[in-house]
Amino acid sequence: MAAVGTWSFSLPAVERMRCMILAGQSSTDVVESATADVENDVQTGRYIVGRGGFPNNKGIVECDAAIMEGVPGRFGAVAALRGVGQPCRVARQVMERSPHSFLVGEGAEAFAREQGFTIEPNNDMLSDHTATAYQFKPLSRTQKSKAVLYLLTGLIALDLAGNITVGVSTSGKPFKAPGRVGDSPLPGCGLYADHRVGAAAASGDGDKIMCYCPSFQIVQLMRQGMSPKEACCSVLADIRKRTGEDKCFEIGLIALNMKGEVGAASSVEFPYTFWNQGMDSVEKHVLSY
Ligand code: GLY
């Protein structure tokens, strides 16, 4: 049994996951509900997640979310989805009820409506903080990258029955182009899971991360015998080698194996929170770079 999440704001979510896992709930229910709580909290929106997230360059919040179980073929994702405060719940429905695995934009919205989700006005998706940030948004690319870290929520759960699930959710890069999709919902990039091995999630600059498939690589390295930490460090070292030591973009990686061991690596200061059955409570670790 174990749970892990990206960034400090995942602490209450991982605490919730711990309680749900101990109560015998499935890893997918655990990840979906903990992610949905983070998404729906307007305060955590400023970390680029769900309701209260940063809008695109037209002032509209568009969210990406995905869920993957370790069981083969169990994956669902949505991208550029408007008007839904808990997009990971739609991603779960895509996995459970759609003949497809990934729906975007208007198609994702129509599917969400069919499944009974309310499509909310954009104003209800913005917070005062992000509405104001939009008014004063920086004009150049350089200003943007100095102004914000590209956060998102990535959560992984290993349940009592030995099932593993990973979920991710983000409103994407602040003031992005409409329709822009980052790494988060892309299988192998923002998330990956294999019930024989474990699971991984990535956070950071999605336009860059998606060029390296880090989550898939981490799981493959764990499959070859590396610990989660060794696998995360190895993937980051390889990315650094390819970009040049000084030019590595923002990326944070977390991984969990089927023994409940956790690992992480990052090119920036990266807090992550975790718990496993050997621990009394959830802990936060901060990786410095
Ligand atoms: N990693 C989040 C994004 O770039 O959309």
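According to the UniProt record's numbering, the sequence shown holds residues 1 to 289 in order.
A virtual CB, placed ideally from N, CA and C, is assigned to each residue, including glycine.
query, result
"Residue ranges of each beta strand (DSSP E) run of no fewer than 3 residues wholly in the segment 40 to 110, ordered along the chain?", "62 to 69, 75 to 82 and 102 to 104"
"Buried or exposed for Thr165, going by 16 or more other Cβ atoms inside 10 Å?", "buried"
"Would you say the segment 221 to 230 touches the segment 174 to 190, given that touching needs at least three Cβ pairs under 8 Å?", "no"
"With 16 other CB atoms within 10 Å as the buried threshold, where does Ile119 fall?", "exposed"
"Who pairs with Ser266 in a beta bridge, going by DSSP?", "Gly252"
"Heavy atom of the ligand GLY less than 8 Å from the Cβ of Ile48, yes or no?", "yes"
"Using the three-state DSSP reduction, which class does Val30 fall into: helix, strand or coil?", "helix"
"Quick one, which of Pro174, Val181 and Met125 has its alpha-carbon nearest Gly105's?", "Val181"
"Which runs of the alpha helix (DSSP H), 4 residues or longer, sit entirely within the segment 172 to 224?", "206 to 209 and 214 to 223"
"In this structure, does DSSP put Ser234 in helix, strand or coil?", "helix"
"If you draw a straight line from the C-alpha of Glu69 to the C-alpha of Met17, how long is it?", "16 Å"
"Please tell me whether, using a cut-off of 8 Å, the distance from the CB of Thr118 to the nearest non-hydrogen atom of the ligand GLY is below it.", "no"
"Considering Glu283, what are the terminal residues of the alpha helix (DSSP H) in which it resides?", "Run containing Glu283: none in the alpha helix (DSSP H); it sits in the beta strand (DSSP E), Glu283 to Leu287."
"Cβ of Ala202 versus every heavy atom of the ligand GLY: is any distance shorter than 8 Å?", "yes"
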